[in-house]
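A short write-up of the structure that comes next.
Now the structure itself:
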């Protein structure tokens, strides 16, 4: 769970990042054996993939383990993604290149160099912009699929146009294997910091600042946190630049649907990657033995709005989908509780913001 960066809005405690804990080769073997068993048991899961997450998964100390993971995944014909800060990508080209058609990399750039280097900083306080841009350029030229992510809050929302123009000048959007995703900084674990913005506020500010043609030229998309509440309305009135179509959902996220298994270096299996390293959340083990605590797992597998009484009486149940189970547990003591948060307020605020346009068209 080590990480070489100390981003101020990270949802993981930095004490965790100071450790040197890395999965062993035997743990990787055990994790894939557990994955095979889960796929055999869970016939309801139609397909499988994997994600390398951290901390930071691509560090000099993890190179052999990463190579082992991608090899074993390829043998099972699994597509994967790697969520990385991108600082050490150049050291992994040789081992990852043979698997480039099976991999997607999500790499964060938080704005111009000035802004980025205040947010995406090393443990020693140094900026990372130039190294990451260089590595993105390298990987694009090698044919790797790259999704650049920009995490947005009040601190950097104003810099979106400048970053998009910079990426355009770098000619990144000319690569078919490039895209860019905007994402609001979240606060599920209580460590998201200050300046948190509601998704509809982020989308509105972006729309105000950035010409639509530039958004299209740089291939900008929005992640799922944007679409949950306001997408049905924004699609109906032509306000959204989100490409995805709205699909009502019983589940808030993959973890809520019980389709997420996180294999951590501590030997535990967790239902969500935002609560790793806290054994109280574990739903099983895979290291010394493969074991699923079915009672704990069922809390997640069975969490949907159809069996949550408060949700079934709610008019926005299939937009909110019961809210985040981690937040529900923090506030009410159980992941099975409904967590409304500010869902209705956000939806009402969004409707208020677009009401003048709707009324003008009547």
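Residue numbers (UniProt numbering): 1 to 362.
Just so you know, even glycine gets a beta-carbon here, dropped at the ideal spot from N, CA and C.
When the Cα atoms are used, what is the spatial distance from residue 359 to residue 285?
Between residue 359 and residue 285, the C-alpha separation is close to 56 Å.
Short check: CB of residue 81 to CB of residue 104, under 8 Å?
Cβ distance < 8 Å, so residue 81 and residue 104 count as in contact.
Which residue wins for smallest C-alpha separation from residue 30, given the options 353, 94 and 290?
290
How would you call residue 274, buried or exposed, if buried means at least 16 neighbouring beta carbons within 10 angstroms?
buried
Please list the segments of the beta strand (DSSP E) lying wholly inside the segment 80-134, counting only runs of 3 or more residues, in order along the chain.
103-108
At which residues does the alpha helix (DSSP H) containing residue 207 begin and terminate?
Residue 207: member of the alpha helix (DSSP H) spanning 199-209, first to last residue.
Could you tell me if residue 212 is buried or exposed, where buried requires 16 or more neighbouring beta carbons within 10 angstroms of its beta carbon?
exposed
Determine the burial state of residue 312: buried for a count of at least 16 other Cβ atoms within 10 Å of its Cβ, exposed for fewer.
exposed
Identify whether residue 9 lies in helix, strand or coil by the three-state DSSP scheme.
coil
Closer than 8 Å is the cut-off here; do at least three beta carbon pairs connect the segment 160-179 with the segment 110-124?
yes
So, is residue 229 buried or exposed, given that buried needs 16 or more other C-beta atoms within 10 angstroms?
buried
So, helix, strand or coil for residue 45, using DSSP?
coil
Leaving aside the five residues before and after residue 3 along the sequence, list all residues of the same chain whose C-beta is less than 7 Å from its C-beta, in chain order.
17, 54, 55 and 56
With a Cβ-Cβ cutoff of 8 Å, do residue 167 and residue 218 count as a contact?
yes
Among 36, 220 and 61, which residue has its Cα nearest to the Cα of residue 77?
36
Just the C-alpha distance for residue 5 and residue 262, rounded to the nearest angstrom, thanks.
It is roughly 22 Å from the alpha-carbon of residue 5 to the alpha-carbon of residue 262.
Return the first residue and the last residue of the alpha helix (DSSP H) that residue 320 is part of.
317-320
Can you round the beta-carbon distance between residue 70 and residue 96 to whole angstroms, since I take them to be within the 8 Å contact cut?
7 Å
Could you tell me the distance, in whole angstroms, from the CA atom of residue 279 to the CA atom of residue 173?
42 Å
Note down the Cα distance separating residue 157 from residue 200, rounded to an integer number of angstroms.
Those two C-alpha atoms are separated by around 13 Å.
Measuring CB atoms only, is the segment 332-346 touching the segment 302-312, in the sense that at least three cross pairs come out at less than 8 Å?
yes
Compare the C-alpha of residue 323 against each of 305, 98 and 315 and name the closest.
305
Answer yes or no: do residue 22 and residue 265 have a C-beta to C-beta separation smaller than 8 Å?
yes
Measuring only the C-alpha atoms, how far is residue 26 from residue 40?
21 Å
So what does DSSP say about residue 234, is it helix, strand or coil?
helix
Helix, strand or coil for residue 347, going by three-state DSSP, please let me know.
helix
Determine the contact status of residue 19 and residue 85, defining contact as a CB-CB distance below 8 Å.
no
Between which two residues does the beta strand (DSSP E) harbouring residue 146 extend?
145-152
From this set, 111, 171, 272 and 222, which residue's C-alpha is nearest residue 140's C-alpha?
171
Specify, as a first and last residue, the run of the beta strand (DSSP E) that residue 268 falls within.
268-270
Have a look at residue 276 and residue 142 and give me their C-alpha separation to the nearest angstrom.
33 Å
Taking the beta carbon of residue 332 as the centre, do at least 16 other beta carbons fall within 10 Å, making it buried, or is it exposed?
exposed
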